[in-house]
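Residue numbers (the UniProt record's numbering): 1 to 266.
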């Protein structure tokens with residue numbers, strides 16, 4: 001029996017590669033983006049803005065009506081807002097949470113009634129190691145991923161009795177151009193010059209360096225997780241992710257010093 005997956009944010013990067021990987025493994029793939037015309041991967045492209053509950057609900061209903069159910073959803077759509085906390089407006093931070101936290105929440109609310117009825121399914125939330133370890137210059141992005149991790153941890157326990165798995169994928173630096181776009185739009189203020197320098201160094205030496213994972217690495221872990229009958233609650237992906245995750249339990253002063261080195265802050 002062919003399995004069906006819905007992948008949000010499938011127009012580029014991790015989402016696009018993930019949709020293609022599912023397809024090569026024989027899944028029926030529905031890929032979403034705000035503009036369906038930008039989605040080249042998968043069997044069916046849908047226009048979905050994850051901040052629009054009506055669009056999310058309609059997309060899920062389309063999948064269920066066409067395929068008779070939905071086996072997996074990959075909440076990949078997201079954005080990153082990089083910069084010092086003081087320079088980040090509440091409006092911008094709220095917009096980031098609307099995509100990175102409330103977006104997956106909307107999708108989950110739409111798919112769960114169908115998964116509960118079927119007594120099976122998997123929800124894979126693409127988080128970040130920033131959801132476990134916050135770093136200078138990434139405060140609001142890390143806050144949104146911390147929130148997604150908490151939401152997922154609670155949800156995992158709540159839906160386990162219905163045969164539904166909830167899994168977090170935690171990449172570190174990934175070479176997709178995702179952060180490049182955020183840095184290019186960042187406002188610069190002399191008071192936080194060192195923070196901005198650290199962000200740019202992270203992009204140059206982290207995302208484009210040997211610690212970075214590829215979109216293919218992340219996609220492989222996502223598809224393997226969807227096809228695993230007993231997945232773990234979370235998976236790190238890439239050397240950078242594992243390195244930062246290893247600092248999670250150390251004293252804050254030690255972690256701060258390590259991050260100064262890792263992000264090349266003076």
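For glycine and all other residues, C-beta sits at the position ideal for the given N, C-alpha and C.
Looking only at DSSP bridge pairs, what is residue i linked to?
{"i": "residue 122", "result": "72 and 165"}
{"i": "residue 213", "result": "174"}
{"i": "residue 4", "result": "28"}
{"i": "residue 234", "result": "168"}
{"i": "residue 110", "result": "In DSSP, residue 110 forms no bridge with anything."}
{"i": "residue 83", "result": "138"}
{"i": "residue 275", "result": "Nothing about residue 275 can be reported from this structure: the residues present for the chain run from 1 to 266 only."}
Suppose you measure from the CA of residue i to the CA of residue j; what does that come to, to the nearest Å?
{"i": "residue 245", "j": "residue 152", "result": "18 angstroms"}
{"i": "residue 154", "j": "residue 147", "result": "11 angstroms"}
{"i": "residue 185", "j": "residue 49", "result": "The predicted model places residue 185 with a pLDDT of 48, which falls under 50 and marks its position as unreliable; any figure quoted below should be read in that light. Rounded to whole angstroms, residue 185 to residue 49 spans 21 angstroms at the Cα level."}
{"i": "residue 65", "j": "residue 240", "result": "41 angstroms"}
{"i": "residue 78", "j": "residue 231", "result": "23 angstroms"}
{"i": "residue 195", "j": "residue 260", "result": "10 angstroms"}
{"i": "residue 80", "j": "residue 70", "result": "28 angstroms"}
{"i": "residue 102", "j": "residue 95", "result": "10 angstroms"}
{"i": "residue 16", "j": "residue 131", "result": "22 angstroms"}
{"i": "residue 197", "j": "residue 139", "result": "15 angstroms"}
{"i": "residue 28", "j": "residue 256", "result": "45 angstroms"}
{"i": "residue 110", "j": "residue 247", "result": "36 angstroms"}
{"i": "residue 243", "j": "residue 157", "result": "28 angstroms"}
{"i": "residue 216", "j": "residue 14", "result": "7 angstroms"}
{"i": "residue 233", "j": "residue 226", "result": "12 angstroms"}
{"i": "residue 204", "j": "residue 173", "result": "11 angstroms"}
{"i": "residue 142", "j": "residue 11", "result": "23 angstroms"}
{"i": "residue 51", "j": "residue 107", "result": "10 angstroms"}
{"i": "residue 171", "j": "residue 113", "result": "29 angstroms"}
{"i": "residue 44", "j": "residue 30", "result": "5 angstroms"}
What is the DSSP secondary structure of residue i, reduced to helix, strand or coil?
{"i": "residue 171", "result": "strand"}
{"i": "residue 115", "result": "helix"}
{"i": "residue 247", "result": "coil"}
{"i": "residue 103", "result": "helix"}
{"i": "residue 78", "result": "coil"}
{"i": "residue 269", "result": "Residue numbering for the chain in the displayed model covers 1 to 266; residue 269 lies beyond these limits and cannot be assessed."}
{"i": "residue 157", "result": "helix"}
{"i": "residue 12", "result": "coil"}
{"i": "residue 63", "result": "helix"}
{"i": "residue 229", "result": "coil"}
{"i": "residue 128", "result": "coil"}
Can you find a heavy atom of the ligand SAH that lies under 7 angstroms from the Cβ of residue i?
{"i": "residue 103", "result": "Looking at this structure, you won't find the ligand SAH or any other ligand, since it has none at all."}
The region 152-166 contacting the region 123-130, beta-carbon criterion three pairs below 8 angstroms: In this structure the region 152-166 touches the region 123-130; the number of beta carbon pairs closer than 8 angstroms is three or more.
Three or more C-beta pairs below 8 angstroms linking the region 11-31 and the region 210-222: Taking 8 angstroms as the limit for Cβ pairs, the verdict is that the region 210-222 does touch the region 11-31.
Three-pair Cβ contact test at 8 angstroms for the region 24-43 versus the region 86-106: No: the two stretches stay apart, fewer than three of their Cβ pairs being nearer than 8 angstroms.
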